[in-house]
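Residue numbers (the working numbering), protein chains in the order written: chain A, 5 to 127; chain B, -4 to 230; chain C, 13 to 299.
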């Protein structure tokens, strides 16, 4: 599993960690029951504060994606992939809507946008 | 603890510390003038020169010691784990050490004057007594205002405590002057008789004894203050 | 809770430290930040028990200085800017002499750190440079199993390569989750990556006290055109700075608040945060 942190990103660091762990779970890179690195080990590897990884894990726990076993660490939960996928889709839709809104303001037509997407996708 | 006390006593004599206290050495000028009677004939007879040097060494040392060692511990000693009793032991021992060391230095340095026949035994006893009081007044329970006191003084905008310490200083300058007079009398005009000696003994006791007793009364307060870093703070 | 300050106040002449409250659990690093003269060193002297607070409660590992000073001092490792050791003694002698007062002092650990920091134990303390003196203090602080390291502005005197090593040591130090660090500094760059808690003080008063994630939730740095910035709700804006290429504003962030699409929203670094808040306060004074 690979996590990349962009220090000057628009997303907060803990959000970046949450998103990338989510992706890893959705794509099956992390399977149910698998142990996650400890809060302190992950913080050390990513060169971020302990409290930041702690918050990321707590968020994932709140969403029911991982669970903590006291004294042992964090494990990936049994989850519903479809439900997760749907959630991912909703998020993507929202982001696309933003992009399309910007494009409209710039005076692009639906055709222009599609063309652009095709070009980028094939890249 | 005794080893630590002695080490810290000598460790305090370093240039960095002198620099901070440079203003105190203005007092050396007074001491220099006080000792003038002995300097008469400094370049003519070796006795005068010897007296001058032997008097100046312990005086300068006491003055230095008085400005560098005050009733407090080095900062490090406030941070290592010490019980109150250990702290008190350190403070008391260091005060006793510097009083003894300074007065002994004065007695030892002036001893050759008597041995060489430059002064009478009674003069030497008075000198020795003077050095003990110097050590007590200038570097015995020498304490500066801690943070708390300084705040209080700042508000009152008065500094009469400084004045009291100034009086100590003046008394020591006067007695140093008397010592110098005694010595030059002994060397230049022959030994004094018993009545002439009283001329010096009475003022010594009149001036120094009450002040010394006042200082001794302050002893326990000074030790208590030195137990706390904040209250013994000096800058 | 390794360190608890509750409404600590202290007057130091005209300067006052006002109602500072902090909690630091085991296993974390707390950054103590603020401009020069904001009271960081005074606060550290209070935590070290050298100054006694006029009001408030100070507990270290649940103990107070009044009741268990010796136990507390065995738990605390310190690096201050003062030159605390014997100048004429060698580093090793210094270590042995002062280590003797500590319950768990180990010469092996001290020598291990001295080697790691490139210090020669046979050199005299007075021969060291300013940075080396601090390195030795740091090595000594690590040599007696202290649980709380209190470091006052050490980084400014370290060269860049040692600064890296310094932060690596701090991370190792807190790794087992039982020990904590308080690091005061006005160089906040490194803190962004390492600090878990932040206590931000200015003129003796708290600007922020809490974990760094809460801090990141509290503030946003908005960049955009001037008229867009002016549309931001007034009560949220802390300070606006106009530049040639757009205007920047530090704002109090509300959860799930959505900003105008044409401005850039970013989480401020500690440095940016301090810059804007210091500017704001200077502005207030002028008015």
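Every residue gets a Cβ at the ideal spot worked out from N, C-alpha and C, and that includes glycine.
This structure is a prediction, so every number in the text was calculated from the model and none was measured.
Length of the line joining the Cα atoms of residue i and residue j
| i | j | result |
| --- | --- | --- |
| residue 142/C | residue 164/C | 14 Å |
| residue 206/C | residue 23/A | 21 Å |
| residue 230/C | residue 247/C | 14 Å |
| residue 120/A | residue 16/A | 29 Å |
| residue 223/B | residue 64/C | 9 Å |
| residue 33/A | residue 25/A | 9 Å |
| residue 288/C | residue 57/B | 54 Å |
| residue 79/C | residue 253/C | 50 Å |
| residue 97/B | residue 130/B | 6 Å |
| residue 268/C | residue 98/A | 15 Å |
| residue 45/A | residue 117/A | 43 Å |
| residue 50/A | residue 82/C | 39 Å |
| residue 139/C | residue 96/C | 14 Å |
| residue 188/B | residue 179/B | 14 Å |
| residue 210/B | residue 119/C | 43 Å |
| residue 95/A | residue 102/A | 11 Å |
| residue 77/B | residue 278/C | 50 Å |
| residue 25/C | residue 54/C | 12 Å |
Given residue i as reference, the closest of the options once Cα atoms are compared
| i | options | result |
| --- | --- | --- |
| residue 33/C | 140/C, 88/C, 220/C | 220/C |
| residue 69/C | 42/C, 25/C, 21/C, 36/C | 21/C |
| residue 72/C | 125/C, 159/C, 264/C | 159/C |
| residue 8/B | 61/B, 224/B, 115/B | 61/B |
| residue 116/C | 106/C, 144/C, 131/C, 86/C | 86/C |
| residue 221/B | 54/B, 5/B, 80/B, 1/B | 80/B |
| residue 276/C | 166/C, 201/C, 269/C, 260/C | 260/C |
| residue 88/C | 76/C, 222/C, 226/C | 76/C |
| residue 190/B | -4/B, 177/B, 64/B | 177/B |
| residue 38/A | 91/A, 110/A, 76/A, 100/A | 76/A |
| residue 128/B | 174/B, 88/B, 23/B | 174/B |
| residue 169/B | 200/B, 212/B, 186/B | 200/B |
| residue 93/B | 82/B, -3/B, 72/B | -3/B |
| residue 203/C | 21/A, 35/A, 56/A, 91/A | 56/A |
| residue 53/A | 249/C, 265/C, 258/C, 227/C | 227/C |
| residue 165/B | 132/B, 185/B, 186/B | 132/B |
| residue 62/A | 9/A, 21/A, 92/A | 21/A |
Cβ shell of residue i (< 6 Å), same chain only, five flanking positions each side left out
| i | result |
| --- | --- |
| residue 28/C | 216 |
| residue 88/A | 30 |
| residue 214/C | 46, 50 |
| residue 113/B | 42, 182 |
| residue 52/B | 104 |
| residue 218/C | 32 |
| residue 25/B | 168 |
| residue 92/C | 164 |
Same chain, Cβ closer than 7 Å to residue i, neighbours up to 5 away in sequence not counted
| i | result |
| --- | --- |
| residue 196/B | 121 |
| residue 201/C | 283 |
| residue 29/B | 168, 171, 172, 175 |
| residue 23/C | 66 |
Chain-order list of residues whose beta-carbon lies under 8 Å from that of residue i (same chain, five-residue window excluded)
| i | result |
| --- | --- |
| residue 302/C | In this structure chain C extends from 13 to 299, so residue 302/C is not present and cannot be described. |
| residue 2/A | Absent from the structure is residue 2/A, since the part of chain A shown begins at 5 and ends at 127. |
| residue 251/C | 261, 262, 288, 289, 291, 292, 295 |
| residue 68/A | 81, 83 |
| residue 133/C | 102, 103, 104, 107, 123, 126 |
| residue 175/C | 167, 202 |
Short CB-CB distance (under 7 Å) between residue i and chain B
| i | result |
| --- | --- |
| residue 116/C | no |
Near the ligand SAH: residue i beta-carbon under 6 Å from a heavy atom
| i | result |
| --- | --- |
| residue 45/A | This structure lacks the ligand SAH, and indeed carries no ligand of any kind. |
Any chain A beta carbon closer than 7 Å to residue i
| i | result |
| --- | --- |
| residue 164/C | no |
| residue 4/C | Residue numbering for chain C in the displayed model covers 13 to 299; residue 4/C lies beyond these limits and cannot be assessed. |
| residue 135/C | no |
| residue 101/C | no |
| residue 228/C | yes |
| residue 279/C | yes |
| residue 224/C | yes |
Neighbour flag for residue i against chain C, beta carbons, 7 Å
| i | result |
| --- | --- |
| residue 23/A | no |
| residue 128/B | no |
| residue 75/B | yes |
| residue 42/A | no |
| residue 53/A | yes |
| residue 6/B | yes |
| residue 39/A | no |
| residue 93/B | no |
| residue 110/A | no |
| residue 99/A | no |
**Report entry** Every unbroken beta strand (DSSP E) inside the region 67 to 155 of chain C [3 residues or more]
**Finding:** Here the runs fully enclosed are 67 to 72, 88 to 91.
Report task. List in chain order: all unbroken beta strand (DSSP E) runs of 3+ residues lying wholly within the region 224 to 283 of chain C. Result -> Entirely contained in the region 224 to 283 of chain C, the beta strand (DSSP E) runs reaching 3 residues are, in chain order, 231 to 236, 249 to 255, 258 to 264, 276 to 278.
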